[in-house]
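So the numbering used here is basically just the index in the sequence shown, starting at one, shifted up by 461. Don't be surprised by glycine CBs; every beta carbon is placed ideally from N, CA and C. All of these numbers come straight from a predicted model, not from anything done at the bench. A short write-up of the structure that comes next.
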Amino acid sequence: SHKSSKREWKPLEDHTCTDVPWLLLFVLFCIGMGFICGFSIATGAAARLLSGYDSYGNICGQKNVKVEGIVNSGLDLTHKKYVFFLDPCNIDLVHQKIKSIALCVSACPRKELKTLADIQKFAETNGSTLCSYELQPSEYTTDPRAAKLCPKYPVPESAPIPFFHRCAPVNISCYAKFAEALITFVSDSSVLHRLISGVMTSKEIIMGLCLLSLVLSMILMVIIRYISRVLVWILTILVILGSLGGTGVLWWLYAKQRISVGALETQIAKDNLQALLIYAIAATVFTVILFLIMLIMRKRVALTIALFHVAGKVFIHLPLLVFQPFWTFFVLILFWTYWITVLLFLGTTGNPVPNEEGFVEFRMAGPLKYMWWYHVVGLIWISEFILACQQMTVAGAVVTYYFTREKRNLPFTPILGSVNRLVCYHLGTVAKGSFIITLVKIPRMFLIYIHTQLKGKENACARCMLKACICCLWCLEKCLTYLNQNAYTATAINSTNFCTSAKDAFVILVENALRVAAINTVGDFMLFLGKVLIVCSTGLAGIMLLNYQRDYTIWVLPLIIVCLFAFLVAHCFLSIYEMVVDVLFLCFAIDTKYNDGSPGREFYMDKVLMEFVENSRKSMKEAGRGGGAESRELKPMVGADEE
């Protein structure tokens, strides 16, 4: 097997299809998703959602079929195109629906109607009857049933919602209860009004600042390779100062307390002194360990800096990588829009069934009521699939860059080449990888759902167990995501199927465990500093620009919006950067493992990485002369290049 492992890594030599059964499974799953959409449209759910329906199961704006056992069903409502709720403000938050009789009317009341006489007048002049179908307009003021069958007055001024033919009150204060349930802190609607008007008046500034954050992110992508060394030094100095400062303060407090305790011999004072001593000793031990870790890691930090430098070069050679998050985001938004639309269809699918109050509800019968579970799984799997496609595309492009000896001979757009390879050969692998993440995500979602449903009902032990399970699943998901990404890289290099790739990548990662730790801690922190930098500069620019508005309450919302947007943008861009660094690291580890720079086994790596390898070899030779312990520690550094 030792020989076969030598032969194993053949970068970009042959491309074969991988994990075809999984691709077929994924295609079948997508056909199932399509069937759900088709079924809900065929059973009239789409018409119900778009045109609206009343409490008796009639769809507004068309002729209807009679429902057994329901009065007022099967009416011809061709001229009554709008849904009108008798009590539109009575919202049931638990079941997320309006608890009110709904009717189809020919026009929404465009001004407030204060009494039954006004409603009658509106019906006579506009021909739009707002009371239930069995009452004639002439009976509104005389019939005793009017109290129940007519709208709750005053009837608020309302207007139809575009595309969905529902009459909605123009004044939002009607939904204040609804808003309060969502946002408890805004009990005063005037504050809400001022916040919203603040956003509206400064919308040009908000747009400008969002653009600024985009530009800053792009600039940071280019210059991060030049400032990576500085960032590492800043990080190191911060950590050293922080740990030394903390320890120093604790010892100082201990000394001070000790002097003051001399006078008071109480038990509490003694306990305090003891606690302080324990804290101070713990902090000292922690600081010492931290310094030792930094000493061991200092060489590996050099590798992180070198990788960041090369990643910067990758972005100069492959500028289209920068736009990768945009495509992914665009596709995800399209898919989510489709998903939500079908979910709304599913809400109105099914057969009309009379409920307790004698109105119609739509319920699914038999196994069809589990359709929306399938739909939820679809949301997670397909979203993960889209994200995994992005990872595979980036990995393919970076692998092409790394394993092309002459950078002048790079294909015109390695990214399009990578997409092409993904679509032709590796969709099955991506489907399998994303399915594994889905398998971990679904139980976690389920547990979170249970946790929110049980809030306040369960005992402390159960709550703790639930939280622990959720946490473990989250950690597992993160580890699997990292392994998946490396598996995709291995697939891009070797065209092997998912399991083989994951195994190969895992072996390489374990061999370089310390380096992986260094890259993931130092590298992530550098990228985090980058994000903070972008958010702070955008926020600062925002404060400067918004300064002309002296009303400080108005500031809050635009600034929060801008900072959130800046963070999202920075996160998207720098996550691509992180991906590139991870892919480069795997390529580098494979390169140092199978090549040693001798003729016929030349390195593929960049000059910066070559310098790093040379330096670590020099230090190994010196360490070999200096003593055994040090040289043993450095052995795994060069990645077993004596093989």
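{"Check": "Nearest-angstrom Cα separation, counted from VAL859 out to GLN851", "Outcome": "12 Å"}
{"Check": "Exposed unless 16 or more other CB atoms sit within 10 angstroms - verdict on ASN1076", "Outcome": "exposed"}
{"Check": "Stretch pair the region 789 to 796 + the region 701 to 721: three plus CB contacts closer than 8 Å", "Outcome": "no"}
{"Check": "Sufficient close CB pairs (3 or more, under 8 Å) joining the region 960 to 971 to the region 995 to 1007", "Outcome": "no"}
{"Check": "Whole-angstrom C-beta distance between ILE520 and SER512, which should lie under 8 Å", "Outcome": "5 Å"}
{"Check": "Endpoints, the beta strand (DSSP E) within which ALA563 is located", "Outcome": "563 to 566"}
{"Check": "For CYS628, the first and last residue of its enclosing alpha helix (DSSP H)", "Outcome": "Careful: CYS628 lies outside any alpha helix (DSSP H), inside the beta strand (DSSP E) at 628 to 630."}
{"Check": "Assigned exposure category for GLY917 - 16 Cβ within 10 Å defines buried", "Outcome": "exposed"}
{"Check": "Classification of PRO786 by the beta-carbon crowding that lies within 10 angstroms, buried from 16 upward", "Outcome": "buried"}
{"Check": "DSSP state of ALA826 mapped onto helix, strand, coil", "Outcome": "coil"}
{"Check": "At least three beta-carbon pairs within less than 8 Å, the region 739 to 757 to the region 940 to 958", "Outcome": "no"}
{"Check": "Pick from VAL771, TYR835 and GLU818 that is closest to LYS1068, judged by C-alpha positions", "Outcome": "VAL771"}
{"Check": "Secondary structure, alpha helix (DSSP H): runs of 4+ residues fully inside the region 480 to 533", "Outcome": "481 to 503 and 506 to 512"}
{"Check": "Contacts around PHE1070, its chain only, beta-carbon distance under 7 Å, and the 5 residues preceding and following it disregarded", "Outcome": "Residue 1070 is actually Leu in this sequence, not Phe. Answer for LEU1070: ALA767, VAL771 and PHE1049, listed in chain order."}
{"Check": "VAL1023 vs CYS671 beta-carbon contact at 8 Å", "Outcome": "yes"}
{"Check": "PHE1046 versus THR899: straight-line alpha-carbon distance, rounded", "Outcome": "26 Å"}
{"Check": "Beta strand (DSSP E) segment containing ASN812, residue limits", "Outcome": "812 to 815"}
{"Check": "Contact between the region 564 to 583 and the region 594 to 602 (3+ Cβ pairs under 8 Å)", "Outcome": "yes"}
{"Check": "SER456 - containing alpha helix (DSSP H), residue span", "Outcome": "Only positions 462 to 1104 of the chain appear in the structure, and residue 456 is not among them; the question remains open."}
{"Check": "Segment contact, 8 Å Cβ cut-off, at least three pairs: the region 871 to 889 with the region 473 to 485", "Outcome": "yes"}
{"Check": "7 Å CB neighbourhood of THR477 in its chain, flanking five on each side removed", "Outcome": "TYR886 and SER956"}
{"Check": "Backbone CA spacing between ALA716 and THR789 [nearest angstrom]", "Outcome": "58 Å"}
{"Check": "Start-to-end residues for the beta strand (DSSP E) that takes in PHE546", "Outcome": "543 to 546"}
{"Check": "Rounded separation between ARG824 and ASN812 - CA only", "Outcome": "6 Å"}
{"Check": "Which of helix, strand or coil DSSP assigns to ASP537", "Outcome": "strand"}
{"Check": "Secondary structure, alpha helix (DSSP H): runs of 4+ residues fully inside the region 851 to 923", "Outcome": "875 to 882 and 888 to 914"}
{"Check": "Bridge partner(s) assigned by DSSP for PRO621", "Outcome": "CYS628"}
{"Check": "For VAL616, the residue or residues it bridges with in DSSP", "Outcome": "LEU574"}
{"Check": "Residue(s) in a DSSP beta bridge with VAL821", "Outcome": "PRO815"}
{"Check": "Check whether VAL1030 and SER663 have beta carbons under 8 Å apart", "Outcome": "no"}
{"Check": "THR697 versus PRO630: straight-line alpha-carbon distance, rounded", "Outcome": "59 Å"}
{"Check": "Separation of THR802 from ILE701, as counted between CA atoms", "Outcome": "53 Å"}
{"Check": "Rounded straight-line distance, which links the Cα of ILE897 to that of CYS960", "Outcome": "11 Å"}
{"Check": "Nearest-angstrom Cβ-Cβ length linking VAL1044 and ALA856, presumed shorter than 8 Å", "Outcome": "5 Å"}
{"Check": "Contact check, LEU536 vs TYR594, beta carbons under 8 Å", "Outcome": "yes"}
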